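J.: Got a structure here, written out as structure tokens. Questions coming.
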Amino acid sequence: MTVTETPDLADVQGNILRGYHKPFVRHLVLTVARRELAASWLLDATGRDPVTTHQVTNAEPWDEKPPTCLNVSVTPAGLAALGVAKPAIESFPAEFVAGMASRATKIGDVGESAPSNWRPEWRRPDELHVVVTVHADRAEQREDVAARFLAYRGGGTFRELARLDGQSFLGGLVHFGYRDSIAQPHFEGIRNPANRPDHQPLVEVGAALLGYPTPLENVRFELPQPSVLGRNGTFNAFRVLEQRVEAFEDFLTSAAETLLASPMADEVLPAGIEREWVPAVSRGDAMRELVAAKVLGRWRNGVPLALSPHSPTPREPVGEERINDFGYQPDPDGTRCPIASHIRRCNPRDARIVQRSANHTRRIVRRGIPYGPPYDPQRPDGVERGLLGSFLCASLAVQFESIQYDWMNLGLLDPRITGSNDVVVGNNDARFSSFRLPVGASAIELRGFPRFVETRGGAYLFLPSLRALRHLGEIAA
Amino acid sequence: MSRLVAALSQLMERALVRYWKWRAPVPTPVWEWKTSLADNVQQQMNLIMPLADTTAVGRAKAVQMVAANIDELFTGLNNIGTVHSARFDLIGDNLCIITVYDGDHEVYIRDFISVFGSVFDAMIKVVADPPPSPCEDFPADFVKWVSTHEAFQVPGDLSLMFPGEQNLLNLSRDLILLLDDNPNVQIGRFSGYPALSVAQLRLAAGIEW
């Protein structure tokens, strides 16, 4: 008999196994300025002073959502600053100890996205110790919680390197206009009412938390030592991703023109079908939207191509209960949802892939929120806008880096796309980029598009359990 | 007389290498990722594992152990999906696994563990300095262990292997120190076909990939 191991949710930080879905977020990027005060704050925020100190939010189910949540993550330098001994730090996975910048080439952070071009706070790994994240229902609540945190014991506990504010857009859209965060893993033994029903296999909780069986058969990821420090913790590949919306929209226009001029145009998008869309659009606009859908795998309103290949508003609507309920076996050649599309690269679901035993082994939790003002095509402003992305997993090397390295870039999962990068987030160069759009038994190659997402900073962070935070507080005291 | 001179010369060389290592140790080259497809397919993993028992009896035990598991090994390699070829050899006093694969080194090693960790646990029982086992419970340690048992690829341009070296005249010395730590290297490899993944080759040949 298999016994499912379930974590003590009171010990796990929130926003990992279930999302908060709050519209205002602030990430405070911090240096530990006074270790003894940081120790005191860790202890106060994990149960010692629930009256005057905002508590670190855990994963326990709530009857009523609190208006604000707070979470804390650390870097290897942060562990050292809190007094963790070198052997304990070195017991963490090598990629975490080395840091995101040292893995830049592997994860596609090259050229303009190279660490040497990152914002200053991400280029000082020795000073980057802690990231405290505040989630709130309203902007003023976020301001208040962040201000009270920074004023702990008169202030001066932490030195602020940067503050990154994010704000969700109506309908859960991101700057590129897509509805985001639709598909997330469902974990064994964890009930999450926000998760949409699907027929994807349940994911072992060890994909997100250290100390449990993982999706890799018989494999458990090593616990950093002492085990109280590692167990129930998770890693976060935190990334500041600039999204070049104007360039992306230009690409949609030029790709649509290419397709409209192709003799296969009516095969790509049946003639006249755009008049059935709600609202009806011109053929040119419909082709633009089709390109946007093909490179992502979903229409911008979230409807998957796998269920509706020719319209974002099919006659038989795709409701919330079906929006994530599909696989790729009925579409082995990608004529509905291209094999090169973003969502099929990130999570090939049940599709046949080269790495035959890897289909469901790289699932990660994605928590992201836009930063910067919404893009207005009528008023190009040159302002930087993008996504503050948290990619949570129990193994950065096995999950996050593997997806980035050989699925998003290189395309090793299917020989028909090998050598090409993801259009939306890949490390593309207009001289070599290509996107294979299957049409019937043939395919059209879209070429010559630039990189649309540039990395502006990031770090590999560790989100310790509540017990581990208390442990850190005790050793730092 | 000439043999005596040669022996003395070797002794002095050994002493010099010890001194160099003490005076200016050379860090082990780190794995350098590249972004082009050509640099990420048909990679080499040449695992050289000294035998614990180098007598004829011990060597025979090693051969029998691998032979007994060869079908499972081949099935596992096929399931990984990115393996062009793999050989299991006994060369000198070493058990060797020589493979050509596509993609990331770490992913490949971890796939190894996932696909045939139990066979590998049996295999490393005949090895002189085995990693912690079962390797399924220590995947990161296993990755580190493999990297210390690999015959690394020496690039044609040695400066690529020692990017931190400021003095080009020191490159030969750096190589000597490196070979003192790990005597096994891959000096060159010829491929009769272009940089394609194993799945691309199978697709082109009309074989199920």
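If you're matching them up, the sequences are chains H and R in order.
Counting from 939, one number per residue, gives the positions in the first sequence under our numbering.
Counting from 756, one number per residue, gives the positions in the second sequence under our numbering.
Don't be surprised by glycine CBs; every beta carbon is placed ideally from N, CA and C.
Only a predicted model underlies this, so the values are computations on that prediction, with no experimental measurement involved.
1) May I ask you to list, following chain order, the residues of the stretch 1354 to 1379 of chain H that have a beta carbon less than 8 Å from some beta carbon of chain R?
2) May I have the straight-line CA-CA distance separating H:D1223 from H:G1235, to the nearest angstrom?
3) Considering only their Cβ atoms, is the gap separating H:A1332 from H:A1146 smaller than 8 Å?
4) When burial is assigned at 16 or more other CB atoms within 10 Å of the CB, is H:W979 buried or exposed?
5) Since H:E1309 sits in a beta bridge, which residues does DSSP pair it with?
6) By DSSP, does H:A971 sit in helix, in strand, or in coil?
7) Hey, how far is the Cα of H:A1449 from the Cα of H:L1399?
8) Closest to H:G1395 by C-alpha separation, out of H:V1010, H:F1030 and H:G1037, would be which residue?
9) Which residues does DSSP list as the beta-bridge partners of H:M1346?
10) Under a CB-based cut-off of 8 Å, is R:G961 close to chain H?
11) Measuring straight from C-alpha to C-alpha, what distance separates H:K1044 and R:V821?
12) In three-state terms, what does DSSP make of H:H1280?
13) For R:I846, does the three-state DSSP call read helix, strand or coil?
14) Can you tell me whether H:V1438 is buried or exposed? The criterion is at least 16 other CB atoms within 10 Å of its CB, across all chains shown.
15) In three-state terms, what does DSSP make of H:S1029?
16) For H:T940, name the three-state secondary structure that DSSP assigns.
17) Step through the CB atoms of chain H and report whether any lies within less than 8 Å of the CB of R:Q799.
18) Identify whether R:Y863 lies in helix, strand or coil by the three-state DSSP scheme.
19) Have a look at H:A971, H:L955, H:M1225 and H:G1094 and flag the residue whose alpha-carbon is nearest the alpha-carbon of H:L1020.
20) With C-beta atoms as the reference, is H:I1341 less than 8 Å away from H:C1275?
21) H:K1003 CB to nearest chain B CB: under 8 Å?
22) Please confirm if the stretch 904 to 914 of chain R is in contact with the stretch 928 to 942 of chain R, defined as three or more CB-CB distances below 8 Å between the two stretches.
23) Take R:Y856 and list the residues in its own chain whose beta-carbon comes closer than 6 Å to its own, dropping the five residues that flank it on each side.
24) State whether the stretch 827 to 834 of chain R contacts the stretch 867 to 874 of chain R, with contact taken as three or more CB pairs (one from each stretch) at a distance under 8 Å.
25) How about H:L955 and H:I1128: are their beta carbons less than 8 Å apart?
26) Assuming R:D929 and R:V781 make a contact with CB atoms under 8 Å, what is their CB distance in whole Å?
27) Please say whether H:E1180 and H:E1392 have beta carbons closer to each other than 8 Å?
28) For H:N1359, count neighbouring Cβ atoms within 10 angstroms of its own Cβ and tell me buried if that reaches 16, exposed if not.
29) Using a 10 Å radius around the Cβ and a threshold of 16 neighbouring Cβ atoms, would you call H:P1135 buried or exposed?
30) Considering only the alpha carbon of each residue, which of H:A1335, H:F1030 and H:F1087 lies closest to H:C1007?
31) Drop a sphere of 10 angstroms on the beta-carbon of R:W777, count the other beta-carbons inside from all chains shown, and report buried for 16 or more, exposed for fewer.
32) So, is the C-beta of H:N1297 closer than 8 Å to a C-beta in chain R?
33) I want to see whether chain R comes within less than 8 Å of H:M939, judged by CB atoms only; does it?
34) Taking the alpha carbon of H:P945 as the reference point, which residue from H:V1143, H:I1027, H:V1336 and H:I1382 has its own alpha carbon closest?
35) Using a Cβ-Cβ cut-off of 8 Å, state whether H:F1338 counts as contacting chain R.
36) Do the stretch 759 to 775 of chain R and the stretch 1073 to 1081 of chain H make contact, defined as three or more Cβ pairs closer than 8 Å?
T.: Reading from the atomic positions:
1) R1354, T1356, G1357 and N1365
2) 18 Å
3) H:A1332 is positioned such that its CB atom lies closer than 8 Å to that of H:A1146.
4) By the neighbour-count rule (16 or more Cβ atoms within 10 Å), H:W979 is buried.
5) Note that residue 1309 of chain H corresponds to Tyr in the displayed sequence, not to Glu. BP columns for H:Y1309 point to H:G1324.
6) coil
7) Past the edges of chain H, shown from 939 to 1415, lies residue 1449 of chain H, and the structure says nothing about it.
8) H:G1037
9) Beta-bridge pairing links H:M1346 to no other residue.
10) No, because no Cβ of chain H sits closer than 8 Å to the Cβ of R:G961.
11) 34 Å
12) In this structure, H:H1280 counts as helix in the three-state DSSP scheme.
13) strand
14) The requested residue 1438 of chain H does not occur in the structure, where chain H is confined to residues 939 to 1415.
15) coil
16) Residue placement at H:T940 is flagged as unreliable, the pLDDT there being 48, under the threshold of 50; the coordinate-derived value follows with that caveat. In the structure shown, H:T940 sits in coil (DSSP, three-state: anything other than H, G, I, E or B).
17) no
18) helix
19) H:A971
20) Cβ distance not < 8 Å, so H:I1341 and H:C1275 don't count as in contact.
21) Protein chains in the displayed structure are H and R, and chain B is not among them.
22) With three or more CB-CB distances shorter than 8 Å, the stretch 904 to 914 of chain R counts as touching the stretch 928 to 942 of chain R.
23) Q798, T837, V838 and Y863
24) As far as the Cβ criterion goes, the stretch 827 to 834 of chain R touches the stretch 867 to 874 of chain R, which means the pair count is three or higher.
25) yes
26) 5 Å
27) Yes, the Cβ-Cβ distance between H:E1392 and H:E1180 is below 8 Å.
28) H:N1359 should be labelled buried.
29) exposed
30) H:F1087
31) exposed
32) no
33) Confidence in H:M939 is poor, its pLDDT being 39 and thus under 50, which makes the residue's placement too unreliable to answer from.
34) H:V1143
35) no
36) no
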